[in-house]
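Chemist: Chains as they are written, first to last, in the numbering used here: chain A, 3 to 116; chain B, 188 to 300.
Glycine is no exception: its CB is placed at the ideal position from the N, C-alpha and C atoms.
In this text the structure is predicted, and so the values were computed from the model without any measurement.
#1: Closer than 7 angstroms, CB to CB, is residue 281 of chain B near chain A or not?
#2: Counting only the same chain and skipping the five closest in sequence on each side, list residues whose C-beta sits under 6 angstroms from that of residue 293 of chain B.
#3: Considering only the beta carbon of each residue, do residue 273 of chain B and residue 299 of chain B sit closer than 7 angstroms?
#4: DSSP state of residue 188 of chain B, grouped into three classes?
#5: Out of B:223, B:200 and B:229, which has the shortest C-alpha to C-alpha gap to residue 280 of chain B?
#6: Exposed or buried, which one is residue 213 of chain B when buried takes at least 16 other CB atoms within 10 Å?
#7: Pairing CB atoms from the segment 85-98 of chain A with CB atoms from the segment 25-36 of chain A, are three or more of them under 8 angstroms?
#8: Can residue 49 of chain A and residue 59 of chain A be called in contact, C-beta distance under 7 angstroms?
#9: From which residue to which residue does the beta strand (DSSP E) around residue 108 of chain A run?
#10: Do residue 233 of chain B and residue 246 of chain B come within 7 angstroms of each other at the CB atom, strictly closer than that value?
#11: Mark residue 112 of chain A as exposed unless 16 or more other C-beta atoms lie within 10 angstroms of its C-beta, in which case mark it buried.
#12: Using a Cβ-Cβ distance cut-off of 7 angstroms, determine whether residue 291 of chain B contacts chain A.
#13: If you draw a straight line from the alpha carbon of residue 70 of chain A to that of residue 52 of chain A, how long is it in whole angstroms?
#14: Would you kindly report the start and end of the unbroken beta strand (DSSP E) that includes residue 298 of chain B?
#15: Do you know offhand how far residue 91 of chain A's Cα is from residue 202 of chain B's?
#16: Pick from B:195, B:242 and B:215: whose alpha carbon is nearest that of residue 297 of chain B?
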């Protein structure tokens, strides 16, 4: 079975500062990894995904993530954040197979202050 | 392009009343469909998923049930709501085999009073 740990429940940063949201996973098989963003009272939006190939994945809104198999990590980064990036961010993992279930972390609340 | 709809957007129901939440997907065929619940301050809990019409898998024993009467329609129901059923309910779909990301609907905020 898979599990996901998001190491920080809250991350406050100032506008235009860089940010890294940390995600570690555990799985006995090859995995597929995802980051989602959730704005207040909305559904989740897919930011980026790692399925195979290059370990550096670029997503929407200027975010990127790096898959590190040896450290079982998939950290999300942005070089310069905006007020509008304030939201909850979820890391998720899938081991594939026939049912395509995702296992989600508990989320990291990113708060960007002026 | 594909879109996913959920309704209603918000719902306030008394304890013991029935529940029916609906989710429909447009622009794709034979999607996998999912129901999640998100309680305040907590992560996402997978409730049900479906890989085809009439095929429902339950992840958590509870007083909720799900049905898939049509290929792109997924319904979450309860005969008698509990206070603990309050939360934000999200429907999601995933594309045909070979891809694993899920796409979420806008959600339904359920408050049981």
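Modeler: From the atom records:
#1: Along the second chain, one-based indexing puts residue 281 of chain B at 94. Yes, its Cβ sits closer than 7 angstroms to a Cβ of chain A.
#2: Reading the second chain from its first residue, position 106 is the one you call residue 293 of chain B. By the criterion of a C-beta distance shorter than 6 angstroms, residue 293 of chain B is surrounded in its chain by 193, once the five residues flanking it on both sides are discounted.
#3: Locating residue 273 of chain B in the second chain gives position 86, counting from the first residue. Locating residue 299 of chain B in the second chain gives position 112, counting from the first residue. Closer than 7 angstroms, so yes.
#4: Position 1 of the second chain, counted from the start, is the residue given in the question as residue 188 of chain B. When secondary structure is reduced to three states using DSSP, residue 188 of chain B falls in the coil class, being assigned neither helix nor strand.
#5: To locate residue 280 of chain B, count along the second chain from 1; it is residue 93. Each of B:223, B:200 and B:229 was checked against the Cα of residue 280 of chain B, and the nearest Cα belongs to B:223.
#6: Looking up residue 213 of chain B in the second chain gives position 26. Counting other Cβ atoms within 10 Å of its Cβ, residue 213 of chain B stays below 16 and is therefore classed as exposed.
#7: Taking one beta carbon from each stretch, the segment 85-98 of chain A and the segment 25-36 of chain A have 3 or more pairs nearer than 8 angstroms; the two touch.
#8: In the first chain, residue 49 of chain A corresponds to position 47, counting from 1. In the first chain, residue 59 of chain A corresponds to position 57, counting from 1. No.
#9: On the first chain, position 106 is the one that residue 108 of chain A refers to. In this chain, residue 108 of chain A is not harboured by any beta strand (DSSP E), its DSSP state being neither H nor E.
#10: Counted from its first residue, the second chain places residue 246 of chain B at position 59. Counted from its first residue, the second chain places residue 233 of chain B at position 46. Result yes, Cβ atoms of residue 246 of chain B and residue 233 of chain B sit closer than 7 angstroms.
#11: Against the first chain, residue 112 of chain A aligns to sequence position 110. Taking every protein chain shown into account, the CB of residue 112 of chain A has 16 or more other CB atoms within 10 angstroms, so this residue is buried.
#12: Within the second chain, the letter at position 104 stands for residue 291 of chain B. For residue 291 of chain B, the closest Cβ of chain A is nearer than 7 angstroms.
#13: For this step, residue 70 of chain A is matched to residue 68 along the first chain. For this step, residue 52 of chain A is matched to residue 50 along the first chain. The C-alpha of residue 70 of chain A lies about 11 angstroms from the C-alpha of residue 52 of chain A.
#14: As a working mapping, residue 298 of chain B is identified with position 111 in the second chain. Start and end: 295-299.
#15: Walking along the first chain from the start, residue 91 of chain A turns up at place 89. Walking along the second chain from the start, residue 202 of chain B turns up at place 15. It is roughly 32 angstroms from the alpha-carbon of residue 91 of chain A to the alpha-carbon of residue 202 of chain B.
#16: Counting from one through the second chain, the residue named residue 297 of chain B turns up at place 110. Ranking B:195, B:242 and B:215 by CA distance to the CA of residue 297 of chain B puts B:195 first.
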